[in-house]
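Residue numbers (the UniProt record's numbering): 1 to 71.
C-beta atoms are modelled at their ideal positions from N, C-alpha and C, and glycine is treated no differently.
Taking it in order: structure first as structure tokens, then the write-up.
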């Protein structure tokens, strides 16, 4: 059973994760653009794979709680 405090903490943690994802990947894109824009778009690896982790984090926060009843 999720408590109200733990739910708020989960959402706060997700916001921090999302903020760090956006800022870090934006910084990588800027560095790529300024110094290496003629080559392969290497920030894609961070965007995609970190994005998968972020998607799982979003899913874990917003998925309905499962009951712990034994069958």
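Are residue i and residue j touching if we call contact CB-CB under 8 Å?
i	j	result
residue 42	residue 32	yes
residue 44	residue 10	no
residue 57	residue 14	yes
How many Å lie between residue i and residue j at the Cα?
i	j	result
residue 20	residue 47	12 Å
residue 37	residue 29	9 Å
residue 12	residue 67	24 Å
Just checking my contact of residue i with residue j at CB under 8 Å: how many whole Å lie between their CB atoms?
i	j	result
residue 18	residue 54	7 Å
Tell me which residues share the same chain as residue i and place their Cβ nearer than 8 Å to its Cβ, disregarding the 5 neighbours each side in the sequence.
i	result
residue 39	none
residue 64	none
Which residues in the same chain have their Cβ closer than 7 Å to the Cβ of residue i, if we skip the five residues on either side of it in sequence?
i	result
residue 16	none
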